[in-house]
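First comes the structure, then the notes that go with it.
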Amino acid sequence: MSVPFLRVERLTKRFGGLVAINYVSFELHRDQICGLIGPNGSGKTTLLRLITRILKPDEGRIVFKGEDITHLKPWDVVNRGIAGTFQIMRPFRHLPIIANVMVPLLAARARAHGEWVKRIEARALDALEFVGISELALESASGLSQGELKRLEVARAISAEPELLLLDEPLGGIGPVDSGLLVNSIKRLHKGGRFGRLHSEGPAVLMIEHKLKELMSIVDRVIVLDHGEMIADGKPEDVVKDPIVIEAYLGSGAPAAGQHAAA
5 MSVPFLRVER LTKRFGGLVA INYVSFELHR DQICGLIGPN GSGKTTLLRL
55 ITRILKPDEG RIVFKGEDIT HLKPWDVVNR GIAGTFQIMR PFRHLPIIAN
105 VMVPLLAARA RAHGEWVKRI EARALDALEF VGISELALES ASGLSQGELK
155 RLEVARAISA EPELLLLDEP LGGIGPVDSG LLVNSIKRLH KGGRFGRLHS
205 EGPAVLMIEH KLKELMSIVD RVIVLDHGEM IADGKPEDVV KDPIVIEAYL
255 GSGAPAAGQH AAA
């Protein structure tokens with residue numbers, strides 16, 4: 005296994021008297037797709053926002069590729085090679101879809117590659133093609149379905165070829181067809197795919213998702229949060245059978261999580 009790509013050390017975030025993230029520590033390797041699960045309010049989205057520096061941690065630190073990025077600005081984190089999607093999508097609804105993807109390509113990380121400056125529109129179209137909506141490139145983002153908006157979010161995140169991709173419920177609120185397309189896109193991306201040209205392998209992925217069946221089909225590791233604390237970290241087949249996880253995530257009267265994952 006590779007040297008830790010991302011290292012989170014005793015990360016803590018408080019909102020007044022509420023401890024949203026409580027001394028969470030873990031490592032993520034470049035060759036991993038890691039699922040992040042837990043009940044609503046367990047701190048999953050807060051954790052991603054801390055890594056992207058949208059939120060400032062109260063304690064702990066974040067190390068990416070050996071560099072302490074704890075005190076960097078969000079745009080500096082992006083330029084280090086970290087990108088993500090949001091649970092609540094905020095596209096530029098009155099711009100064409102392709103323009104939505106062109107915006108991230110204005111970042112210094114993208115502009116550092118000279119050919120992208122000349123081919124920014126083609127690069128954006130490439131990202132849209134990767135997620136399967138290139139035929140809608142000139143349409144307004146306001147006319148997209150929920151599933152298409154999710155795919156647009158992923159296209160924007162991957163357009164500058166991040167080395168670490170953070171996904172916040174990319175399959176939430178969309179049907180099985182769109183879910184399947186997105187899962188396949190994420191798998192291809194991680195394996196190098198068409199967006200692996202700058203590196204010998206695709207990005208590491210940390211992915212929040214409540215659809216356990218789809219999540220378990222793509223990840224090789226699962227981290228579980230409950231009340232801001234990490235209660236499990238391991239292989240999917242082991243984590244879904246953990247009584248503590250079943251109690252916290254599904255409730256004491258629920259069937260085993262493994263049954264849900266296999267449903």
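Quick note: the sequence shown uses the numbering used here, first residue 5, plus one each step. Just so it is clear, CB atoms sit at the ideal spot from N, CA and C, and this is done for glycine as well. Keep in mind it's a predicted model, so treat the numbers as computed, not measured.
query: Contacting residues, own chain, Cβ-Cβ under 7 Å from Asn44 (five flanking each side not counted); result: none
query: Segment contact, 8 Å Cβ cut-off, at least three pairs: the region 30-47 with the region 218-226; result: yes
query: Close Cβ partners of Ile129 (< 7 Å) along its chain, the five nearest in sequence each way excluded; result: According to the sequence provided, residue 129 is Leu. The question's Ile does not apply to it. Correct list, in chain order: Ile102, Ser138 and Ala141.
query: Inter-stretch contact (C-beta, 8 Å, three-pair minimum) for the region 225-240 and the region 42-56; result: yes
query: 8 Å contact criterion, which Thr74 and Pro61 should meet: CB distance rounded; result: 7 Å
query: Distance between Gly196 and His203 (C-alpha atoms, nearest Å); result: The predicted position of His203 is uncertain, since its pLDDT is 47 and thus under 50; no value can be drawn from it.
query: Identity of the residues DSSP links to Glu71 by a beta bridge; result: Phe68
query: C-alpha gap between Lys17 and Asn26, whole angstroms; result: 7 Å
query: Contact under 7 Å by Cβ, Thr89 with Leu185; result: no
query: Cβ-based burial, Thr181 [other Cβ within 10 Å; buried from 16]; result: In the sequence on display, residue 181 carries Val and not Thr. With fewer than 16 other Cβ atoms within 10 Å, it is exposed.
query: Exposure of Leu10, with buried meaning 16 or more beta-carbon neighbours within 10 Å; result: buried
query: Simplified DSSP state of His203, which is helix, strand or coil; result: Here the model assigns His203 a pLDDT of 47, short of 50, so the residue's position is not dependable and the matter cannot be decided.
query: Per-residue burial, Asn104 [other beta carbons within 10 Å of its own, 16 or more giving buried]; result: buried
query: Glu213 versus Leu229 - alpha carbon distance; result: 12 Å
query: Three-way DSSP call (helix, strand, coil) for Phe90 in this model; result: coil
query: Beta-carbon contacts of Met211 that lie in its chain and below 6 Å, excluding the five residues immediately before and after; result: Gly39 and Leu171
query: Nearest-angstrom Cα separation, counted from Met106 out to Ile124; result: 7 Å
query: Nonlocal neighbours in the same chain, by C-beta distance under 6 Å from Lys154, ignoring five residues either side; result: Pro174 and Ile178
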